[in-house]
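Colleague:
Numbering (my numbering), first residue to last: 12 to 222.
(1) What number of angstroms, rounded off, separates the C-alpha of residue 22 from the C-alpha of residue 71?
(2) Report the partner residues of residue 42 according to the DSSP bridge assignment.
(3) Taking DSSP's pairing of strands, which residues face residue 50 in a bridge?
(4) By Cβ distance, which residues of its chain are closer than 7 Å to residue 144, with the 5 residues on each side in sequence left out?
(5) Using alpha carbons as the reference points, say which of 54, 81 and 156 lies closest to residue 26.
(6) Would you call the stretch 94-109 and the stretch 196-215 in contact, with 3 or more CB pairs under 8 Å?
(7) What does the alpha-carbon distance come out to for the pair residue 55 and residue 98?
(8) In the DSSP assignment, find the unbroken beta strand (DSSP E) run with residue 144 in it and report its ends.
(9) Sorted by chain position, which residues of the same chain lie with C-beta nearer than 8 Å to residue 140's C-beta, five sequence neighbours on each side aside?
(10) For residue 159 and residue 62, what's the separation of their Cα atoms in angstroms?
(11) Report the rounded CA-to-CA distance for residue 199 versus residue 147, giving the unit in angstroms.
(12) In or out: residue 76 buried (at least 16 other Cβ within 10 Å) or exposed?
(13) Quick one, are the C-beta atoms of residue 92 and residue 110 less than 8 Å apart?
(14) Whole angstroms are fine: how far does the CA of residue 220 sit from the CA of residue 124?
(15) Can you tell me where the beta strand (DSSP E) holding residue 19 begins and where it ends?
(16) For residue 222 and residue 66, I'd like the C-alpha separation in whole angstroms.
(17) Can you name, in chain order, every residue of its own chain whose Cβ lies under 6 Å from the Cβ of residue 45, other than the five neighbours on each side?
(18) For residue 31, count neighbouring C-beta atoms within 10 Å of its own C-beta (all shown protein chains included) and say buried if the count is 16 or more, exposed if not.
(19) Would residue 42 pass as a contact of residue 119 if the rule is Cβ separation under 8 Å?
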């Protein structure tokens, strides 16, 4: 199967995960996907992937968000999925089916704040993956989540508690796998974009260019 890699962007909502997605998506050899939940929606098949391939494939092809936003080539997906022997290869088959004919992709970036709560599973299922951890100053983050009605209410005590709990969960995994995590401070990146993007590219082994 392909030697392509999948890396993930994690961090609580309104922490700059979308900004990071847009920055990394500027590289022609990098493909960044919308939040279609393909990996998470199919975690239940990981321990019996071979026996459940047809069920998982059917589930993927019937995911309206994935089909609408990613526009996979269903024939290519079915062909590549049939050759997959592990869950990671099945997900790569899904992503490759969404590429245009002329695209040559070395790296997939999957961004979703909800990945913050599934890092142990992702780290195990994608052993070559790395995690870009977006962290934003807590007060600004809570105000932003309240402003955009992320939780449908504006209880700042709860929003602060959720910020703390989420980042503690990520920090626990980062301490256990220090070589696979890069902590990116959103506020610092906004102030020093070039320095931080160079650091991120180095971490993900992507060539940095000024443009």
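Ideal Cβ positions, reconstructed from N, Cα and C, are used throughout, including at glycine.
A quick note: this is a predicted structure, and the numbers were derived from the prediction, not measured.
Modeller: Per the coordinate set shown:
(1) Cα to Cα, residue 22 sits roughly 25 Å from residue 71.
(2) 119
(3) Paired residues: none, contrary to the question.
(4) 21, 22, 181, 185, 192, 193, 194 and 195
(5) 156
(6) no
(7) Distance between the alpha carbons of residue 55 and residue 98 is about 10 Å.
(8) 142-146
(9) Counting only Cβ-Cβ distances below 8 Å, and skipping sequence neighbours, we find 16, 17, 18, 19, 133, 134 and 191.
(10) 43 Å
(11) So the two alpha carbons sit approximately 9 Å from each other.
(12) exposed
(13) No, the Cβ-Cβ distance between residue 92 and residue 110 is not below 8 Å.
(14) 27 Å
(15) 16-21
(16) 43 Å
(17) 80
(18) Residue 31 comes out buried.
(19) yes
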